[in-house]
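Count the sequence shown with mature numbering (1 follows the signal peptide of the UniProt record, and there is no 0) and you get residues -27 to -1, 1 to 125, in order. Even glycine gets a Cβ: it sits at the ideal position worked out from N, Cα and C. Have a look at the structure below before the remarks.
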Amino acid sequence: MRKILATAATFGLASLGVIVPATSAQASVNCDYAWNNAALGYFYAYAAQGCTDYLGRSSGNDSDWGNSTGGFQGSDTNRAGSILHKGTSGMAVQVFNGTGTDWAGGHTCIKQSEYYMSILFPHSFTSGYQVSDAISSHRWVWASECDKFLDS
């Protein structure tokens, strides 16, 4: 009888794996794939967690993801769920929840050594607002210019 219960429990737990959505481990696997296939020198953003649903990429600064110039355009603003850093300069990428070349407002940074953030929730900007679905601009800066990093 114990063998039957143990077998039933094992099959029950195994079937949960089919029902439960992807975990952060799966998101990391997807970002590993994206990072390995990304072009050198670019910062990437994706609408979904796990570096899926590509939004755009940029090798330079983009002060407004919602306009029609730069690597991110139109509906890209306030949609990023994951980001990837494949820069080669050693600089960090500073992301903002505001727009404009004054680079004011809440921000956070991703270091080149971090490669990617597969899930932006529950990270926050220096303003306290959540980063997920709230990035509106970015620029390349030296890490010493960052007040906060996504890994902290």
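- Secondary structure remark: continuous beta strand (DSSP E) runs of at least 3 residues inside the stretch 97 to 124, in chain order: 110 to 114.
- Going by beta carbons, Trp113 and Asn34 fall inside the 8 Å limit.
- Taking 3 residues as the minimum length, the beta strand (DSSP E) runs contained wholly in the stretch 42 to 82 are 55 to 59 and 65 to 69, in order along the chain.
- Excluding residues up to 5 positions away in sequence, Leu28, Gly29 and Trp38 lie with their Cβ nearer than 6 Å to the Cβ of Asp49 in the same chain.
- For the pair His80 and Phe69, the CB atoms are nearer than the 8 Å cut-off.
- Distances from the alpha-carbon of Ser86 to those of Trp115, Ala107, His111 and Phe98 put Trp115 closest.
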